[in-house]
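Visitor: For the sequence shown, UniProt numbering gives the first residue as 1, with consecutive numbering after it.
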Amino acid sequence: MQKKGVAILGSTGSIGTQALEVIQAYPDKFDLQVITAQSNAKLLIEQAKRFQPNTVVIGDESKYQEVKDGLFSEDVHVYAGDQALCQVVEFREVDVVLTALVGYAGLKPTLAAIEAGKDIALANKETLVVAGELVTTRARTKGINIYPVDSEHSAIFQCLVGEFHNPIEKIYLTASGGPFRGWEAAALKSVTPAQALKHPNWSMGAKITIDSASMMNKGLEVIEAKWLFGLKTEQIDVIVHPQSIVHSLVQFQDGSMKAQMGLPDMKLPIQFALTYPDRFKTEFPRFNFLDYPQLTFEKTDKTTFRNLQLAYDALEKGGTAACALNAANEISVQLFLEEKIGFLDIARINEHTMIQTPFISKPGYEDYVETDRLAREFALKRK
Ligand code: NAD
Ligand code: MG
Numbered sequence: 001m002q003k004k005g006v007a008i009l010g011s012t013g014s015i016g017t018q019a020l021e022v023i024q025a026y027p028d029k030f031d032l033q034v035i036t037a038q039s040n041a042k043l044l045i046e047q048a049k050r051f052q053p054n055t056v057v058i059g060d061e062s063k064y065q066e067v068k069d070g071l072f073s074e075d076v077h078v079y080a081g082d083q084a085l086c087q088v089v090e091f092r093e094v095d096v097v098l099t100a101l102v103g104y105a106g107l108k109p110t111l112a113a114i115e116a117g118k119d120i121a122l123a124n125k126e127t128l129v130v131a132g133e134l135v136t137t138r139a140r141t142k143g144i145n146i147y148p149v150d151s152e153h154s155a156i157f158q159c160l161v162g163e164f165h166n167p168i169e170k171i172y173l174t175a176s177g178g179p180f181r182g183w184e185a186a187a188l189k190s191v192t193p194a195q196a197l198k199h200p201n202w203s204m205g206a207k208i209t210i211d212s213a214s215m216m217n218k219g220l221e222v223i224e225a226k227w228l229f230g231l232k233t234e235q236i237d238v239i240v241h242p243q244s245i246v247h248s249l250v251q252f253q254d255g256s257m258k259a260q261m262g263l264p265d266m267k268l269p270i271q272f273a274l275t276y277p278d279r280f281k282t283e284f285p286r287f288n289f290l291d292y293p294q295l296t297f298e299k300t301d302k303t304t305f306r307n308l309q310l311a312y313d314a315l316e317k318g319g320t321a322a323c324a325l326n327a328a329n330e331i332s333v334q335l336f337l338e339e340k341i342g343f344l345d346i347a348r349i350n351e352h353t354m355i356q357t358p359f360i361s362k363p364g365y366e367d368y369v370e371t372d373r374l375a376r377e378f379a380l381k382r383k
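What follows is the structure, given as structure tokens:
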């Protein structure tokens, strides 16, 4: 593999910090060009000193001076604000942009990177949920690749290597079921953010951890899969697999199924998205069958965990439905984390907002921006 210039959007988060470890492990393969953070100036400064990128961006402009001062003795460019995020991905030295930032904020810089002809290593699933059709169409037009970082989608991608000419019959996304697997609505009513933030198998950022507890994460992943792999809704199934060892499966036209397996560790899908088609040697712990004598599978409960059903509904409806659902969910998760609403209110607010937000069947970029804005307003009023 030729040496790659990498930009990491959201380097201070869960995916971002693990991506830095991956890049550090192969100094002759990667050139770290850009790192960015929204508000954690302290960690961004530390990362810049340690990993020596050419450029850093702090989203929160009020922290520009702090970052600038913190890095005065370093040979690094410092920028601030949303606009800078879109400009730094265009730098000539950047070959691949890892979108490890959270939420709708990923859409604009991802489109800018595609426009500039950069490959995308996509962790920020919300971008494809909001505007999957627009993003994948532009990527195709530009001839750039979107490599999935999300573990389930990486699993499917890994199963498809060597099979790109073979039609997919169906995929199964596996779901751990989160901390509330098997719970009934009555018990879920009073769960706290602290309980929901305890994921059994993965340590991740706050938003995706709540999404995992509410099954919205799996819903977002169903939509993400549609756009990444060009599938129809009925070709995407979800199966609960509490051990998180089988990361997802593909079923082909002859009935054969391929799965990708391994211990849950995001560094592997992050690395594969950056090294495809190569696999680099790692020292990650290896799977031992005897530690997991039983791998089990269960049906999903789309009634209690209504968010998963809502995601399927949004896919069926198309247009701006998923954009509205995503915006509602970003608001409702935030309200839940601030203890302003209960756990079950997340899906209630999401559903009402998706129904009420004006629907556009063939949206352009500005329609997504407006839908996101309106849906956030509706969601806040629904509190
Ligand atoms: P996180 O909250 O740990 O980190 C988010 C990063 O994005 C931080 O660096 C933060 O500074 C930056 N950021 C936050 N808001 C921003 C904004 N408005 N503008 C610019 N930057 C902003 O999140 P995470 O868990 O690392 O998840 C990142 C993305 O990856 C999400 O879309 C998530 O769904 C996806 N993902 C994460 C995991 C995981 O294991 N954490 C797994 C699969 C997919
Ligand atoms: Mg996932």
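Ideal placement from N, C-alpha and C gives every residue a C-beta, glycine not left out.
(1) Could you check the C-alpha separation between residue 346 and residue 333 for me, to the nearest Å?
(2) Between the C-alpha atoms of residue 36 and residue 253, what's the straight-line distance to the nearest angstrom?
(3) What residue does the alpha helix (DSSP H) around residue 85 start on, and which one ends it?
(4) With DSSP run on the structure shown, which of helix, strand or coil describes residue 77?
(5) Cα separation between residue 445 and residue 54?
(6) Go ahead and pull the three-state DSSP assignment for residue 30.
(7) Using a threshold of 7 Å, is the CB atom of residue 183 nearer than that to any non-hydrogen atom of the ligand NAD?
(8) Which residues share a DSSP beta bridge with residue 170?
(9) Would you mind reading off the limits of the beta strand (DSSP E) that contains residue 146?
(10) On the DSSP letters alone, give me the boundaries of the alpha helix (DSSP H) that residue 16 sits inside.
(11) Taking contact to mean 3 or more Cβ pairs, one atom from each stretch, closer than 8 Å, check whether the region 24-40 and the region 76-95 are in contact.
(12) Helix or strand or just coil, what does DSSP make of residue 341?
(13) To the nearest angstrom, how far is it from the Cα of residue 367 to the Cα of residue 229?
(14) Would you check whether the ligand MG has a heavy atom nearer than 7 Å to the C-beta of residue 151?
(15) Would residue 315 and residue 226 qualify as a contact pair, given that the criterion is a beta-carbon distance under 8 Å?
(16) Thinking C-beta only, is residue 9 closer than 8 Å to residue 109?
(17) Please tell me whether, using a cut-off of 7 Å, the distance from the CB of residue 221 to the nearest non-hydrogen atom of the ligand MG is below it.
Guide: In brief:
(1) 6 Å
(2) 43 Å
(3) 82-88
(4) strand
(5) Any answer about residue 445 is impossible in this case: the structure gives the chain only from 1 up to 383.
(6) strand
(7) no
(8) 251
(9) 146-148
(10) 14-25
(11) yes
(12) coil
(13) 24 Å
(14) yes
(15) yes
(16) yes
(17) yes
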